[in-house]
Amino acid sequence: MNKVIYIIAIAGCLLVGGCKKFIDVNKDPNRPSSVQEPLILAPAELVVTQSLYAGNVSTIIQEYVQTMALNQPVPNSGTYFMVQSDMNGDWTVLYATCLNNLARLDSVATLNGNTNYAAIAKILEAFCWGQGTDLWGDIPYTQALAGAGNYTPVYDKQEDIYKGIQQLLDDAIADIAKQGVVLPGDDDYLYKGDMAKWQKLAYTLKARFYMHLTKAPGYNAATQADLALQALDKGMAANDDDLKFPYQGIEGQENIWFQTFLPGSTFILASGFVDTLKARNDPRLTYMVKPAKETGLYTGRQIGSAPGSLEAYSRPSDFYQGANAFNYVVNYSEALFLKAEATLIKSGFAAAQPVYQQAILSHMTKLGVTSGAISTYMTARGTLTAANALQRIMEEKATANFLSIENFTDWRRTGFPVIKKVLNGSSEVPRRLLYPQVEVISNPQPQQSARLTDRVWWDQQ
Amino acid sequence: MNPKPYLLFIIAIVCCVGMRVYAQSVPLKGKVTDQAGNPVIGATIKIQHSSKGTTVGADGTFELSVEANAVLEVTAIGFDPARVNVANQTTITITLTENKKELNEVVVTALGVKREKRALTYSTQEVKGATLVEAKEPNIVNALSGKVAGVQITSSSGTPGSSSRIVIRGATSFYGENQALIIVDGVPVNNDETGNLNSGPGTNRLADIDPAIIENISVLKGAAATALYGSAGARGVIMITTKSGTGVTKKPSVTFSQDVSFETPWLPEVQDKYAQGEYNTVTKQYEYFNGEDKKTSSSWGPLMDTLTVNGQKLKKYNQLKDFFKTGITSNSTVSVNGGNGLSDYFVSYSYLKQTGTTPKTDYDRHALFAKYNTKILNNLTSTFQLNYSSSQNDRLPEGYILEAPIWTVLTAPISWNPLPYENADGTQRVFRYSRNNPYWVLDNIYNKATVNRFIPVITLHYTPTNWLTITERMGADIYSEQDKYRESRGSAANPPGRIIEQNLNYRQFNHDFIVNATKDVGSFNLNLLLGNNVYSAYNQTEYAKGTGLNIDDFDNIGQASAITYNETHYQSRKVGFYAQANVDWKRMFILSLTGRYDGSSVLSRDKSFYPYGSVAGSFVFSELLSPAVTDVMNFGKIRLSYATVGNDNVRPYQLNTPYQLPQGSGDAAGVAGIIFTNYAFPFQGQTGYLLSQTLGNPNLKNERLNEVEVGLETNFFHNRLGLEASYFVRKTKDGIIPGVPIAPSTGYAGTTVNSAQMQNKGLEILLNAKPVQSKDFSWDMTINFTRIRNKVLAIYNGQSQIGNGFTSIIVGQPYGAIVGTMFKRTASGQLLIDDAGLPFSDSTGVIGDINPDWMGGISNTFRYKQFSLSFLFDMKKGGDIQNNVDGYGYFYGTPKATEDRADRVVPGINASDNKPNTTVVTGQDYWRRLNAVTESIIQDGTYVKLRTISLSYDFGKSLFPNSFVRSASFIVTGRNLWIYSPHFTGGDPEVSSFGSSSGSQGMYSFSTPTSRSVNFTLKVSF
């Protein structure tokens, strides 16, 4: 009898042990648990430039600055209609798609001693944090990206986030200085591993973020201008240094703006942009805008008006929205306009004028405008006076920064180019975005009642 | 060594043997037959006052050693028991009389065990195979519609091969599978929805099984009934038993049947008065747009009757009638069965060919089924069966995507001629931008799904003694599916065109080893069942997408400018040990206990094994009633059960946070603007991986479903009237939510947790009546009624709402609450009107509930001599639907309701000055405002349907009296001939345009309407 029990017990153990082994098949064969830096960098660059910088939130911002319009009836995002759930996707892109992966890239690269990859990750991270806080004000920063470690990160003050951004860029510059051996190659769509260009970008971004604080409480414009000018000295030096994502025009992988302006989306250019170029006789009109299919004319749509025939309006030219166009993320022209504004603050309009003209020229040569047209335009608009200096600089900067989110930040900060509330707008022109509903539900915080018309910390009167 | 114990032992044996010798037992050979002389299979013979006995073989014979003058007790289900004194006979024939009055229904229960219905302690319902075939539905799920209490069946679209959804006793999981488990002859089969590579429903794979091979279906509803089936059974089980050759004479018999049916769609009503156009705010007129050089999406043009262009009146087009056609279905079945006492066989082949009411859609299915039963040894029987089906389904995209042709058909202006669909330069000719011409779609977009499926099952029954049965069952479900989608260049949604190839490989193996012992001890009948189950499922998807087509009329993906390919596969395994004990006292008190211990591969390693079980009891109180009462109520039983089931309703590989191939598709749709951002890696020659946005949960454990059920079963007037009622309460605890949203600032958009709680309470009533039963005329009636109330009790961490496709999961609301924008109203409920004179919305809230208040079905069968008339009414009260067709339609001015487009003052209170509104608005502005507020398109889906009505004539032998034709019948069936749906403006409110998944429910969008049809059947047996 004992023998029988013994045998049953062994059989039982084998059975249970065998069973445990039999069901131990839960290792994912479809997805890897660790990958090397180049495999993270490539998609990270795509999502930062395409989904974050040029994604849904960008089209809404372009409507606020009246560059783009929807051919839809009122109310719509262009007439300042927004509910918190509209922001779920973009907030997820910011944190889960972009920042979480960049932070991971940074830590993997640092662990492996690949300082160049770490530097790029930090620079792109700073870029993302910058866009996030400029649009949403106070956002989670120190407690963010902890996964299961913290399901309810508190929202940091924007001022602290700005300090963090400058620190990140400084750390990136220090990483580049280490001259790491391992360089990115084709996985770096943006600069193909040219660390000198990454460094210039880091400095230009430092300058940009310094200048954002010209009106921030506790900061003064002159100091910020100084810091900016110092950084710009080591920043971008030519159109070649532009941070731009190249597209090959492959079907299904076309330029993001090409996809955004497909007829199905009903996005076209707004009258705010097209009419402005026409009013100034800006030769860039034909280089930046396409004639409408139906009429052959350069027509922008008035935001808030009743929908018209879609093809009676214009879209951007192929330079910006062709299937194989570049997606311009940070322009050399912006560096020059930052310098112009900083010079204006520090030294006055006369000193700023040549920088200002250089800035316009950089954009026009990039577009391929003929020299004759350039000089005509310079005669008309190239002169600064004490009264119009800031306005002119900002207006031209907005044109050179076509389709950039920076235009919204610049308008908030300087009031130029002048933007008036649209027809049938449901409020005054927004100055920030709503917090997403997904945060309100999963991470309730006191800041989440902010409205579109509230001001972020640096956006003071 | 002490010899004494051994000696005593030997003496004892000798004595025992000796005593037997003294008793003079003789071998007895016998046969048990019924009054017609046919063998009674399954009869049991027991020697009175002893434990010896046997069961008869397939020919009704038996052998038994008996003493002289022994008394045999013979019992068989469906017969009066008999007591026979053997006297001195060595051969004996025992005749049993059929117990017509107390014919105890035998029901197939879990694991294929047949039990008397009276002995069950839980709720089941049976549907006979013949009833299923009467429904003339190619898909078994649809054939069950309206027949079973506690079961809700929702069809999706009218395209041939479209899926249907079957849920028993309410949803139990947020994002996991809620549909019932399907078991065929003891083996689970897959019922996933596959086959659609674009938008719209696919086919649920139960469609591969031909209804003609089904003997009957047992619906096991509660957790007590299904506790032996493991976790998946907690959602209810549809137990399908296929036909066998048993029980027929030795001669093979052939049956042939041919169906032909004609289908016409239930079309929604559109306005037929106004032409294409828009309201001109300058001229204050509705202006005509011709759709050629003046395009608009809308039909806010002038009245057609008074409109002239260049002096001519315009031709009116009925876009719906011109596009849809009559669908034709043909179904041919031939089956052979026969046997020779030791073995029997059943073979059936069907060919179904169905063309849809939308042109270029069809569903073809070949189904072959063969079953061979044989007696290998006297106590070892085996069954070998194979089910093979091969099907092809052609369909078009459906729903609110730009490629869907029905969107354009349902909203095209009546003033526009849709043909020719191409301009001279080869571009599409459409009345508006951003859509395809529906006739262009017919020639340039297709979605083909080809499925080959094998379901082999081997069953062995070994009965070494009369009280012990050992069953070994191995079954597999293997299918391979090839899907192909093509969209030509020039499509509005994808101008470069694309081809998608997808291959699915599915393999599932199931093995059961069961030991079943039955013993009578005094007035107790004890039954013990022990078993082991091993289950393994593997599925693989290969997906290749080619974008940018370069050659017309050529379908190979190689021509694409960019081709991406990816492959994923999933493997899961389960092991279970189970036991069931039934104690039956005097056939009056029945106690049933089950227990199961499962291990599943998808849960965390230290939580992968979990136990569960049930306890149930029933009391047949009619046994205690006096004969006077039992003349009225001949059977009465109350039952009570409690069950807890552990469940692993989640996909594999949820424990970790890996990297995954980044794929974007429409990153965050803009408000009223859809951005197409399709990117996939490899991208421009680079591979890449980004972190998964779902945080893994390494501590994932099983969820738990607890159910209490109380029921009453009664039969009156010797089974002329039967009433069954059940009430249940079931609660899901620790429910798994894969991907519950968390704050993205954590770095992740979701995680998998065990925190869901949901509850279902319901009442099921089934009434069977035979009001008239005479030789020539009989009338049978069945009424079923179901009322289920679902409530979500908890989600995660105090979160009160998460999304689920078109509905939302909200704590305190039923699963399937519709959330959307609602009109702003005063405290007393009046509409608030803005300064433009229109009502408006500034908030979202719960605006509907897709769950019905109650459901029911009434079926009647009248038989008069050779004629038989039966009809089934199916009704559903409540159950809201989002009518997306009207939603878009209000913008375009196409639904019938928008015929009312005169200028008006909307009754309500002005929001600024609180005075009654007096601002005049145009019809166009009014309807367009309604389009913007979801509340206006929530419609109550109440319906009463005449689901089937059929008239059949049984020729009997009268047609060919002396020929080999044994029987013939001719049947005319009408399906969906009449629908009463007072609040729904589409054709048929039983709709789910995007398919059978949980998140798709409650939405009517641009899908093929369901049809009304007339079916002619001729059935002949030889």
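For the protein sequence lines, the chains are A and B, in the order given. Counting from 1, position 180 in the first sequence corresponds to residue 180 in my numbering; the numbering is continuous, with no gaps. Count along the second sequence starting at 1, add 10000, and that's the number in my numbering. A virtual CB, placed ideally from N, CA and C, is assigned to each residue, including glycine. For clarity, every value in this text was computed on a predicted model and none was experimentally measured.
Select from the options the residue whose C-alpha is nearest the C-alpha of residue i.
i, options, result
"tyrosine 10689 of chain B", "A/Pro291, A/Trp257, A/Val47, A/Trp198", "A/Val47"
"aspartate 9965 of chain B", "B/Ile10971, B/Ser10981, B/Leu10831", "One cannot answer for residue 9965 of chain B here, as it falls past the ends of chain B, which runs 10001 to 11022."
"leucine 10368 of chain B", "B/Asp10362, B/Leu10380, B/Val10347", "B/Val10347"
"arginine 31 of chain A", "B/Glu10567, B/Leu10767, B/Gly10735, B/Thr10919", "B/Glu10567"
"glutamine 10686 of chain B", "A/Tyr247, A/Thr59, A/Tyr141, A/Asp28", "A/Tyr247"
"valine 10972 of chain B", "B/Asn10085, B/Thr10095, B/Lys10136, B/Ala10043", "B/Lys10136"
"isoleucine 10802 of chain B", "B/Ser10859, B/Leu10838, B/Val10040, B/Ala10743", "B/Ala10743"
"serine 10523 of chain B", "B/Pro10464, B/Gly10829, B/Asp10584, B/Pro10418", "B/Asp10584"
"glutamine 72 of chain A", "A/Ala221, A/Pro307, A/Phe416, A/Gln353", "A/Pro307"
"aspartate 242 of chain A", "A/Tyr210, A/Lys192, A/Tyr141", "A/Lys192"
"serine 10998 of chain B", "B/His10366, B/Lys10574, B/Tyr10388, B/Tyr10815", "B/Tyr10815"
Just to make sure I have the definition right: I need the residues of chain A whose C-beta is within less than 9 Å of the C-beta of residue i. Which are they?
i, result
"threonine 10281 of chain B", "Ala306"
Once you ignore the five residues that flank residue i on each side, which residues in its own chain have a CB closer than 7 Å to its CB?
i, result
"tyrosine 464 of chain A", "Because chain A here runs from 1 to 461, residue 464 of chain A falls outside it and cannot be looked at."
"lysine 278 of chain A", "Leu285, Tyr298"
"methionine 10304 of chain B", "Lys10273, Tyr10274, Ala10275, Leu10314, Lys10316, Ile10414, Ser10415"
What are the boundary residues of the beta strand (DSSP E) that residue i is part of?
i, result
"leucine 10705 of chain B", "10703 to 10716"
"histidine 212 of chain A", "Note, histidine 212 of chain A: premise wrong, no beta strand (DSSP E); not H, not E."
"methionine 10633 of chain B", "10633 to 10647"
"leucine 269 of chain A", "267 to 269"
Between which two residues does the alpha helix (DSSP H) carrying residue i extend?
i, result
"phenylalanine 258 of chain A", "256 to 260"
"glycine 130 of chain A", "115 to 136"
"valine 10906 of chain B", "Counting along the chain, valine 10906 of chain B falls outside any alpha helix (DSSP H), and DSSP gives it neither H nor E."
"asparagine 10768 of chain B", "Careful: asparagine 10768 of chain B lies outside any alpha helix (DSSP H), inside the beta strand (DSSP E) at 10750 to 10773."
In chain B, what lies closer than 8 Å to residue i by C-beta?
i, result
"leucine 145 of chain A", "Ser10745, Thr10746, Gly10747"
"proline 186 of chain A", "Per the sequence presented here, residue 186 of chain A reads as aspartate, with proline not at that position. The answer, in chain order, is Gly10685, Gln10686."
"arginine 104 of chain A", "Leu10691"
Listing by chain order, which chain A residues have their CB less than 8 Å from the CB of residue i?
i, result
"threonine 10687 of chain B", "Leu39, Ala42"
"phenylalanine 10681 of chain B", "Ala42, Pro43"
"glutamate 10656 of chain B", "Position check: residue 10656 of chain B holds asparagine in this sequence, whereas glutamate was assumed. Correct list: Asp28, Ser33."
Could you tell me which chain B residues have their CB closer than 9 Å to the CB of residue i, listed as they occur along the chain?
i, result
"valine 153 of chain A", "The question names valine, yet the displayed sequence has proline at residue 153 of chain A. The answer, in chain order, is Ala10743, Ser10745, Thr10746."
Which residues in the same chain as residue i place their Cβ atom closer than 6 Å to its Cβ, once the five residues preceding and following it in sequence are excluded?
i, result
"leucine 10763 of chain B", "Tyr10727, Arg10787"
"phenylalanine 10806 of chain B", "Gly11002, Met11003"
"leucine 183 of chain A", "Asn116, Gly193"
"asparagine 10331 of chain B", "Asp10259, Leu10352"
"asparagine 10550 of chain B", "Gln10559"
"alanine 10023 of chain B", "At alanine 10023 of chain B the pLDDT is 49, less than 50, meaning the model places this residue with poor confidence; the figure from the coordinates comes in the next sentence. Cβ neighbours of alanine 10023 of chain B beyond the five flanking positions: Glu10067."
"asparagine 443 of chain A", "Thr152"
Give me the chain B residues within the contact set of residue i, using Cβ-Cβ distance strictly less than 7 Å, ordered along the chain.
i, result
"phenylalanine 22 of chain A", "Arg10573, Val10575"
"leucine 310 of chain A", "Tyr10433"
Grab me the residues of residue i's own chain with a C-beta within less than 8 Å of its C-beta, minus the 5 sequence neighbours each way, in chain order.
i, result
"methionine 10633 of chain B", "Ser10622, Leu10625, Thr10714, Asn10715, Phe10716"
How would you list, in chain order, the residues of chain A whose beta-carbon sits under 7 Å from the beta-carbon of residue i?
i, result
"serine 10561 of chain B", "Ile250, Glu251"
"serine 10608 of chain B", "Ile23"
Near-chain B residues of the region 25 to 38 of chain A (beta-carbon distance less than 9 Å), N- to C-terminal order: Correct list: Val25, Asn26, Lys27, Asp28, Pro29, Asn30, Arg31, Pro32, Ser33, Ser34, Val35, Pro38.
Contact set between the region 10586 to 10606 of chain B and chain A, restricted to residues whose Cβ is under 9 Å from the partner: So the list reads Gly10599, Ser10600, Ser10601, Val10602, Leu10603, Ser10604, Arg10605, given in the order they occur along the chain.
Members of the region 263 to 281 of chain A near chain B, C-beta cut-off 9 Å: Hits within the stretch, in order: Pro263, Gly264, Ser265, Thr266, Phe267.
Residues, ordered as in the chain, of the region 10910 to 10933 of chain B that lie near chain A by beta-carbon distance below 7 Å: Residues of the region 10910 to 10933 of chain B that bring their beta carbon within less than 7 Å of a beta carbon in chain A comprise Arg10928, in sequence order.
Listed in chain order, which residues of the region 10782 to 10808 of chain B have Cβ atoms closer than 7 Å to some Cβ of chain A? With the criterion set as a beta carbon lying under 7 Å from some beta carbon of chain A, the members of the region 10782 to 10808 of chain B are Gln10799, Gln10801, in sequence order.
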